[in-house]
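**Student:** Numbering (this note's numbering), first residue to last: 168 to 375.
This is the structure I have questions about; it appears just below.
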Amino acid sequence: MTTFTFVRHGQTDWNFQKRIQGSTDVPLNDTGREQARETGLLLAERRWDGIVASPLSRARETAEIISSIVGLGSPELVPELAERSYGEVEGLNAEEIRARFPDPLGPVPGRERRSAVVQRVLPALEALAEEHPDESLIVVSHGGVIGSLVRFITEKQLPQKGHAIPNGSAHDFVLDGGHVSISEFNGVAIDPAIRMRAPLSLALTQPS
Numbered sequence: 168m169t170t171f172t173f174v175r176h177g178q179t180d181w182n183f184q185k186r187i188q189g190s191t192d193v194p195l196n197d198t199g200r201e202q203a204r205e206t207g208l209l210l211a212e213r214r215w216d217g218i219v220a221s222p223l224s225r226a227r228e229t230a231e232i233i234s235s236i237v238g239l240g241s242p243e244l245v246p247e248l249a250e251r252s253y254g255e256v257e258g259l260n261a262e263e264i265r266a267r268f269p270d271p272l273g274p275v276p277g278r279e280r281r282s283a284v285v286q287r288v289l290p291a292l293e294a295l296a297e298e299h300p301d302e303s304l305i306v307v308s309h310g311g312v313i314g315s316l317v318r319f320i321t322e323k324q325l326p327q328k329g330h331a332i333p334n335g336s337a338h339d340f341v342l343d344g345g346h347v348s349i350s351e352f353n354g355v356a357i358d359p360a361i362r363m364r365a366p367l368s369l370a371l372t373q374p375s
């Protein structure tokens, strides 16, 4: 059994401006660095065996700050943990998105499906679990990645409306016996009745 604690990176200027970032590499701002330090102090209360991160600078720097606090080395960068690509809405705020794409359910050129995000992230986690059996890893990634995993594992029961994935928040996942489950969402224990366990080999055919 391997435990993965996913952490969303700290705030960036685009987060503050409520602009979609996606695959665009936007660095942390000072607030984001402080959020990373606060998360590191919380995580320092637990034992860790390693830390990995998305290669995007906002996640990488968050991981470096956390690692310096919890006493781990340089984070391993895992390309599959990068944020979901949002295509032509990257860099836009909600008002600009509505003006350009008035149909909220319509297609956006270049936007990655949530199912595609899960299809690239789960094999990466499975490989990490093979390298780190019975260990606990910190995984610094992105809101779109964390949200896609939670939706898949709980069959869209979570996150519900109002369930935010704040900058610096932590969420616990477990890989055990070829299955993945979620035990805590933003520090809150998940009701076992909805703590689904999905086989890693499950074909993902559902739309985004």
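By construction, the Cβ of each residue, glycine as well, lies at the ideal position given by its N, Cα and C atoms.
To the nearest angstrom, report how far apart G217 and T206 are at their CA atoms.
**Tutor:** Spanning the two alpha carbons is a distance of roughly 16 Å.
**Student:** Run through DSSP, which three-state label would T179 get?
**Tutor:** Looking at T179 - three-state DSSP - the assignment turns out to be strand.
**Student:** Smallest Cα separation from L295: which of S224, T229 and A220?
**Tutor:** The shortest Cα separation from L295 among S224, T229 and A220 belongs to A220.
**Student:** Quick one: using the 10 Å Cβ neighbour count with 16 as the cut-off for buried, is P119 buried or exposed?
**Tutor:** Because the chain here runs from 168 to 375, residue 119 falls outside it and cannot be looked at.
**Student:** Kindly give me the distance between the Cβ atoms of P242 and R227, rounded to whole angstroms, as I take these residues to be in contact under 8 Å.
**Tutor:** So it is a contact: roughly 7 Å between Cβ atoms.
**Student:** If you pair each beta-carbon of the segment 324–337 with each one of the segment 303–315, do three or more pairs fall below 8 Å?
**Tutor:** Yes, they touch.
**Student:** Just grab the DSSP bridge partners of E298 for me.
**Tutor:** None; E298 has no bridge partner.
**Student:** Would DSSP call E262 helix, strand or coil?
**Tutor:** Of the three classes helix, strand and coil, the one that applies to E262 here is helix, per DSSP.
**Student:** Is T169 near D270, with beta carbons less than 8 Å apart?
**Tutor:** Contact flag unset, no.
**Student:** Got a sec, what are the start and stop residues for the alpha helix (DSSP H) E255 sits in?
**Tutor:** Looking at the DSSP string, E255 is not in any alpha helix (DSSP H), and its letter there is neither H nor E.
**Student:** Taking 8 Å as the threshold, find out whether the segment 225–240 comes into contact with the segment 266–282 through three or more Cβ pairs.
**Tutor:** Too few Cβ pairs lie closer than 8 Å, so no.
**Student:** Among the residues of its own chain, which have a CB less than 8 Å from the CB of L259, if the five just before and after it don't count?
**Tutor:** Hits under 8 Å: R186, I187 and R267.
**Student:** Buried or exposed, going by whether 16 or more other CB atoms sit within 10 Å of the CB of L292?
**Tutor:** By the 10 Å Cβ count, L292 comes out buried.
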